[in-house]
Every structure is written in C-alpha cells, then in structure tokens.
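Undergrad:
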Amino acid sequence: MTQVVDGKKLAEEVRAEVRERVAKLEDGPPCLSAVLVGENPASGIYVRNKRRACEATGIRSIQIDLPESTSEASLVKEVERLNADPSVHGILVQLPLPDGINPYRVTGAIRPEKDIDGLHPENVGKLVAGLPGLYPNTPLGILHILDRFEVPIEGRSAVVIGRSEIVGKPTAFLLLHRHATVTLCHSRTRDLPERVREADILVAAVGRAKMVQGSWIKPGSAVIDVGMNRVDGKLCGDVDFDGALGTAAVLTPVPGGVGLMTVAMLLRNTVRAFELQHGVTDA
Ligand code: GUN
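Okay, here's the thing in structure tokens:
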C-alpha cells in the first residue's frame, strides 16, 4: 500500500498556521519582495504562485520586474535598495538569472536576515553547521512531508539524487542533521540503481523525466520527487510514478507534491525573517 502525499492538503495546513502567526504579529504584516529578471515563462508562473500564496495568508508582496538586459551591477543595486528598506522583510530573486549574471554575486548581496531562499553564504554555513538560520524552502518542504507522514529518519539510509545548491545539497545536510546515513548521488555516480535500492528515503532532484524506475525502489521506502519536467506539455517528475506505486510506502506526485510545499515553506521563512528583524530569536 502506498500513501500518496496530498501536497495541496499539507500546504493548506501550513498556510493556516502561517495565517495565524501573521495575524498575531504586532508590527506586521511581513512583506516579501520578489525580483523577476527577464521573461522566463516558468519563472513568471512560480513568482505569481508565490505572491498569491502570500496574499492568501496576509503577507504583503511586491514584485519587481527587471528587463532581460539588466546588468549584474544594477541587479545588485536593486537588492541593496531592498536590503535598506525597512518595510521589506524577505527578498527573493527568482532563479535562473539571464546569462552574464553570476547568481552567487546576487544571492550573496542579499542581507542574510532577509534571505528567505537561504542561499546567502552565511545561511549556507549555518545550515552546514546545524545552526539556526534561514534554510532553502524545498528541502524544508521535504522534511515537513517526511515528518507529517511519520517517516523514521534517524539511522535510516537516505539517498539524494542531484547536488544543486537549492535542493540536493541542503536536503542532504538536513537529513544528516536528523541522523540519516546520507548518500548524495549525481550525474557521475556509478551504479545509481544499486544506490537507490538501498534507500529507505529517496529524494530525486535531477530534472530528468521518469529517470528513477519503479524496479529501483526499495519496498516500504519514502520517495520524494522534486522533478519538474515538461514532456509533451505535461508536467512529470524524476520518478516513474506508476512504477513506484505499490512499492513505496510514501510517494509524492508531480504535480501536487513537493512544489506546493516549497511555496508553503517560503511563507514560513518570510514570517521567520520578519521575526529575525524584529528581535524575535527563539521562534
Ligand atoms: N528557481 C527554482 N526554484 C527556485 C526557488 O526555490 N527560489 C528561487 N529564488 N528561484 C528558484
């Protein structure tokens, strides 16, 4: 029996919690500023979804649209302006950025307390060290799903496929801090099916449609699919969903799984950022 994760339901639970927290804030509401550079249609949709989720929970949101031709220096200047604006609590620069802009220069320019994607080196360092900080949203969403389904993590074998800064690496560290034995796989990994077969927890974040076959899945495992691949206009994940159904104990669908949790965690991070800037340190 496979429990298929209802990302919509889980995201709504988190939104309800955020809504309550926002309503209680004395100097609120928090404000998220989303910066969109260029015309990437998928990025436009993601930012719109994030802003809608903010509005549904009482978080203010503003969007800054910059042309494809924006230089790295002027984007950094815009980030610095938002850093200095006390009415802005969270800054999100949607990735990917146009060619010619170094994303590390830009995420490194965001004030760490406003870095709701958790990509500033200070927050990355805190995550690696296991210190409190702002962490990337998709990994937080993945851990939330595992906890919500009471998937044991301590001492278990976790395999993460994909070593991106925003998903693979931070997910590996969050699982490690929860005492999983973590294997971080990537495009040069040999014997990937063998690695996956050992995984009590599998996180697939490679961006290759249905790459993980059903026959690779360990019976009774938790399978978290972060893939967002378009095949013939249809969205599908990195895992062959139908092949994993019946073998995995917990399985996330695409769409309707992790993506919705990413947005939900962004809301939590924005409230957290607001609290950090208002001297609340223990939330
Ligand atoms: N592009 C794809 N996912 C993300 C994300 O979580 N944050 C940002 N800023 N850009 C992205």
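Here the sequence shown is numbered in my numbering, starting from 7 and rising by one per residue.
In this text, a Cβ means the ideal position worked out from N, Cα and C, and glycines have one as well.
Which ranges does the beta strand (DSSP E) cover as unbroken runs of at least 3 residues, wholly within the region 132-173, from first to last along the chain?
TA: With a minimum length of 3 residues, the continuous beta strand (DSSP E) runs that stay inside the region 132-173 are 163-167.
Undergrad: Does the region 269-284 touch the region 235-250, meaning 3 or more C-beta pairs lie closer than 8 Å?
TA: Result no; under three Cβ-Cβ pairs closer than 8 Å.
Undergrad: Determine, for residue 65, whether the minimum Cβ-Cβ distance to residues of chain C falls below 8 Å.
TA: The chain labelled as chain C is not found in the depicted structure, where only one protein chain is given.
Undergrad: Which residue marks the beginning of the alpha helix (DSSP H) containing residue 49, and which one marks its end?
TA: Stepping through the sequence shown from its first residue, residue 49 is reached at position 43. Segment 47-62, the alpha helix (DSSP H) holding residue 49.
Undergrad: According to DSSP, simplified to helix, strand and coil, what is residue 39?
TA: By 1-based counting over the sequence shown, the position of residue 39 is 33. Reduced to three states, the DSSP call for residue 39 is strand.
Undergrad: With DSSP run on the structure shown, which of helix, strand or coil describes residue 17?
TA: Numbered from 1 along the sequence shown, position 11 holds the residue referred to as residue 17. Of the three classes helix, strand and coil, the one that applies to residue 17 here is helix, per DSSP.
Undergrad: Please give the ranges of any alpha helix (DSSP H) in the region 224-289, keeping only runs that are unbroken, at least 4 residues long and fully inside the region.
TA: Counting only runs of 4 or more, we get 247-250, 264-283.
Undergrad: Determine the extent of the alpha helix (DSSP H) in which residue 205 is found, giving its start and end residues.
TA: The residue you call residue 205 lines up with position 199 of the sequence shown. That residue, residue 205, is in no alpha helix (DSSP H); it is neither H nor E in DSSP.
Undergrad: Which partner residues of residue 96 appear in the DSSP bridge assignment?
TA: For this step, residue 96 is matched to residue 90 along the sequence shown. In DSSP, residue 96 forms a bridge with 38.
Undergrad: With which residues is residue 72 paired in a DSSP beta bridge?
TA: On the sequence shown, residue 72 is found 66 positions in, with the first residue counted as 1. According to DSSP, residue 72 bridges with 43.
Undergrad: Go through its chain and collect everything with a Cβ distance to residue 216's Cβ below 6 Å, but skip five positions before and after it.
TA: The residue you call residue 216 lines up with position 210 of the sequence shown. For residue 216, where only same-chain residues beyond five positions count, the Cβ hits under 6 Å are 246.
Undergrad: Does residue 67 come out as helix, strand or coil in the three-state DSSP assignment?
TA: One-based indexing of the sequence shown puts residue 67 at position 61. The answer is strand: DSSP assigns residue 67 an E or B state.
Undergrad: Between residue 24 and residue 274, which are expected to be in contact by the criterion C-beta below 8 Å, what is the C-beta distance as a whole number of angstroms?
TA: Numbered from 1 along the sequence shown, position 18 holds the residue referred to as residue 24. Numbered from 1 along the sequence shown, position 268 holds the residue referred to as residue 274. Indeed, because the Cβ distance is near 6 Å, the residues count as touching under 8 Å.
Undergrad: In or out: residue 115 buried (at least 16 other Cβ within 10 Å) or exposed?
TA: Sequence index remark: in the sequence shown, residue 115 carries index 109 (1-based). It is buried - the Cβ of residue 115 has at least 16 other Cβ atoms within 10 Å.
Undergrad: Return the bridge partner residues of residue 82 from the DSSP annotation.
TA: The count along the sequence shown starts at 1 and reaches residue 82 at position 76. The partner list for residue 82 (beta bridge, DSSP) is empty, contrary to what the question assumes.
Undergrad: Run through DSSP, which three-state label would residue 187 get?
TA: As a position in the sequence shown, residue 187 is number 181, starting the count at 1. Of the three classes helix, strand and coil, the one that applies to residue 187 here is strand, per DSSP.
Undergrad: Please tell me whether residue 16 and residue 223 are closer than 8 Å, where the distance is taken between their beta carbons.
TA: The sequence position of residue 16 within the sequence shown is 10, counting from 1. The sequence position of residue 223 within the sequence shown is 217, counting from 1. Their beta carbons are not under 8 Å apart, which means residue 16 does not touch residue 223 by this criterion.
Undergrad: On the DSSP bridge assignment, give the partners of residue 9 in chain order.
TA: Here residue 9 corresponds to residue number 3 of the sequence shown, with the count starting at 1. DSSP lists 256 as partners of residue 9.
Undergrad: Could you tell me how far apart the beta carbons of residue 205 and residue 244 are, in whole angstroms, since I believe they sit closer than 8 Å?
TA: Sequence index remark: in the sequence shown, residue 205 carries index 199 (1-based). Sequence index remark: in the sequence shown, residue 244 carries index 238 (1-based). That pair is no contact at about 13 Å.
Undergrad: Short check: CB of residue 220 to CB of residue 260, under 8 Å?
TA: Mapped onto the sequence shown, residue 220 falls at position 214. Mapped onto the sequence shown, residue 260 falls at position 254. The answer is no: Cβ separation not under 8 Å.
Undergrad: Going by beta carbon distance, what residues of the same chain come within less than 6 Å of residue 94, once the five residues before and after it are set aside?
TA: Within the sequence shown, the letter at position 88 stands for residue 94. Only 37, 39, 88 meet the Cβ criterion.
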